[in-house]
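The next block holds one structure in the form of structure tokens; read it before the comments.
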């Protein structure tokens with residue numbers, strides 16, 4: 005409760021400072037906003053989110069755009085952002101990187117928070133705000149990712165015939181690829197003249213899974229940091245003498261800041277951490293009424309085998325299931341057992357995992373199935389621990 009009061013007091017003080025600043029600047033002169041168009045050019049850096057440390061997937065970025073300010077607070081713009089994005093994957097402690105090109109037209113709604121909170125003042129040195137919008141990302145020239153994928157297929161699945169080797173980059177694409185992109189961020193503009201501004205901008209961009217050629221069952225992200233100039237056309241504002249308000253008595257308002265000291269009790273906790281390998285879970289899905297492992301699912305069996313070889317003390321439990329909406333109880337019990345056994349046999353025969361490290365279970369069409377979707381219950385679940 006005390007912290008909330010402290011936060012409220014600080015918020016009141018900040019808002020009062022904005023208001024006082026705006027009142028001082030406009031005591032004698034009133035600014036009248038004029039809607040106007042502007043153009044924008046920016047350059048900077050991009051960081052693509054990936055399976056590596058920050059800075060490893062950075063690349064150059066550029067952006068041009070045109071916008072329109074409807075009022076002191078709201079505006080809209082059309083931008084074209086693009087250049088290069090990067091991807092990375094680590095397999096057996098070996099890291100592979102690749103890059104590709106893209107261009108992303110986006111429509112953004114701009115909100116000037118400085119004018120919203122502190123009142124309109126076009127001669128303020130710095131203005132800042134937020135933005136958000138949607139658009140499309142057109143990616144192309146993905147040859148490097150294809151070369152990485154082909155090399156990894158040959159090394160990871162060397163025991164399989166070339167035609168049966170699954171893709172390592174499971175969302176690999178060629179030619180051009182268009183995807184939806186959502187964008188949001190913050191900006192700060194520094195006034196040079198009434199028509200010319202120097203700007204800084206930070207963007208976060210989110211796309212459907214597969215932008216970086218990998219399949220992770222979650223969204224892909226890239227982040228842009230940009231610096232550039234913005235030029236406004238025509239007259240952006242006019243000045244007029246403020247009309248005095250007659251017969252108004254102004255009272256004095258005193259703002260008192262109260263600093264509340266909150267005692268903090270130090271608690272020392274000693275924790276003993278034992279290094280134990282984290283459990284690994286992989287779901288191998290099957291087609292209806294079958295127990296053959298498809299090429300698209302074989303890579304999961306390979307991941308289980310690699311993990312068990314890296315952690316010799318682990319064991320795997322393979323549990324087979326069947327969709328209770330298809331077939332009979334007897335058929336589904338037999339089918340779920342076959343699915344679990346084929347995964348276990350693949351680990352033993354193709355990857356050399358000892359049989360005493362594998363426990364096989366068959367659940368058939370149990371009432372409490374692992375997934376809500378029927379197709380996902382045609383599965384063998386591997387848990388390594």
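In my numbering, the protein residues as written are 5 to 389. Just so you know, even glycine gets a beta-carbon here, dropped at the ideal spot from N, CA and C.
**Message:** Mapping the DSSP letters down to three states, classify residue 325 as helix, strand or coil.
**Reply:** coil
**Item:** Limits of the unbroken alpha helix (DSSP H) element including residue 148
**Value:** 147-160
**Prompt:** Out of 238, 56, 98, 166, which has the shortest C-alpha to C-alpha gap to residue 43?
**Reply:** 238
**Asked** Taking buried to mean at least 16 other C-beta atoms within 10 Å of its own C-beta, is residue 39 buried or exposed?
**Response** exposed
**Prompt:** Does the distance from the C-beta atom of residue 175 to that of residue 52 stay below 9 Å?
**Reply:** no
**Request:** Could you have a look at residue 301 and say whether DSSP puts it in helix, strand or coil?
**Result:** helix
**Request:** Report the residue from 229, 152, 281 whose alpha carbon sits nearest the alpha carbon of residue 311.
**Result:** 281
**Terminal residues of the beta strand (DSSP E) in which residue 365 lies** = 362-366
**Request:** Tell me whether the beta-carbon of residue 172 lies closer than 9 Å to the beta-carbon of residue 157.
**Result:** yes
**Asked** Helix, strand or coil: how does DSSP classify residue 185 here?
**Response** strand
**Item:** Alpha carbon of residue 388 to alpha carbon of residue 83, nearest angstrom
**Value:** 48 Å
**Asked** Between the region 303-322 and the region 344-362, do three or more beta carbon pairs fall short of 8 Å?
**Response** yes
**Prompt:** Residue range of the beta strand (DSSP E) that residue 86 falls in?
**Reply:** 78-95
**Prompt:** Can we say the region 120-137 touches the region 89-102, given the rule of at least three CB pairs closer than 8 Å?
**Reply:** no
**Request:** Could you spell out where the alpha helix (DSSP H) holding residue 103 opens and where it closes?
**Result:** Where residue 103 is concerned, there is no enclosing alpha helix (DSSP H), although the beta strand (DSSP E) it sits in stretches over 98-116.
**Request:** Check whether the Cβ atoms of residue 299 and residue 97 sit closer than 9 Å, and answer yes or no.
**Result:** no
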